[in-house]
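All residue numbers for the sequence shown refer to the working numbering, where the first residue is 983 and numbers rise by one.
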Amino acid sequence: MPEATDGSRVYDLVAASPPLDQNSMYANLLQCSHFAGTSAVAESDNRLLGSLSAYLIPGREDTLFVWQVAVHEDARGMGMASRMIDHILSRPLCSGVRFIETTITRDNGASRKLFASIARRRKCEIAETEFFTKERHFDGRHDSEFLFRIGPFA
Ligand SMILES: CC(C)(COP(=O)(O)OP(=O)(O)OC[C@H]1O[C@@H](n2cnc3c(N)ncnc32)[C@H](O)[C@@H]1OP(=O)(O)O)[C@@H](O)C(=O)NCCC(=O)NCCS
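This is the structure in structure tokens:
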């Protein structure tokens, strides 16, 4: 579980993990404090190698919304992102979670594979719908984000 003092390291890891959008360091501090119960960090030899920020959607606490996942390039392809999500879902706070949601741009193949793998392991379908669109929500300044909804799972 992250601590507030991890916020600046999460900020640096996200900066080194394109195509993720950089948030303010303040937002990362909130992820590592208010949302620590539904977020995770992974480290080795005091190096932060992984970060996953997520929260239970207000009013829909059966759904974990994954905000950002970043794994340092030295640690990719070893199951770290999958283990962070499994770890969060195993916590008592998430015992009522039946769905995972996230948004992904069309061109983020690694993220699509990650969430397809999570759905496959949990033997669930993925429903994909357009969520935040380039023109309507981003004023043409960001590619559309597609909502992936995985579940229900036990
Ligand atoms: C996406 C990312 C978090 C994956 O982390 P990871 O720890 O390497 O992922 P895992 O090892 O847990 O892999 C999970 C699944 O996704 C697949 N996968 C992960 N990265 C992949 C890639 N670049 N190409 C193809 N498949 C990939 C794995 O093969 C695995 O599938 P499997 O279970 O069928 O074998 C990491 O590549 C990253 O930080 N990328 C930059 C930031 C980003 O795009 N974040 C996601 C958006 S929120």
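Ideal Cβ placement from N, Cα and C applies to all residues, glycine included.
Predicted model only: the values in this text are computed from it and were never measured.
Ordered along the chain, which non-local residues of its own chain (more than five positions away) have a Cβ less than 6 Å from that of Phe1114?
Glu1127
What does the Cβ neighbour count give for Asp988, buried or exposed, with the cut at 16 atoms within 10 Å?
By the 10 Å Cβ count, Asp988 comes out buried.
Residues in its own chain within less than 7 Å of Ala1024 by CB, not counting five upstream and five downstream?
Leu1031, Gly1032, Met1062, Met1066
Is Gly1059 near ligand 1, with its Cβ less than 8 Å from a heavy atom?
yes
Helix, strand or coil, according to DSSP, for Gly989 in the structure here?
helix
Among residues of its own chain, excluding the 5 on either side of Arg1010, which ones have a beta-carbon nearer than 6 Å to its beta-carbon?
With the sequence shown as reference, residue 1010 is identified as Asn, and Arg is not the correct amino acid for it. If we look at Asn1010 and ignore the five residues flanking it on each side, its Cβ neighbours are Gly989, Val992, Tyr993.
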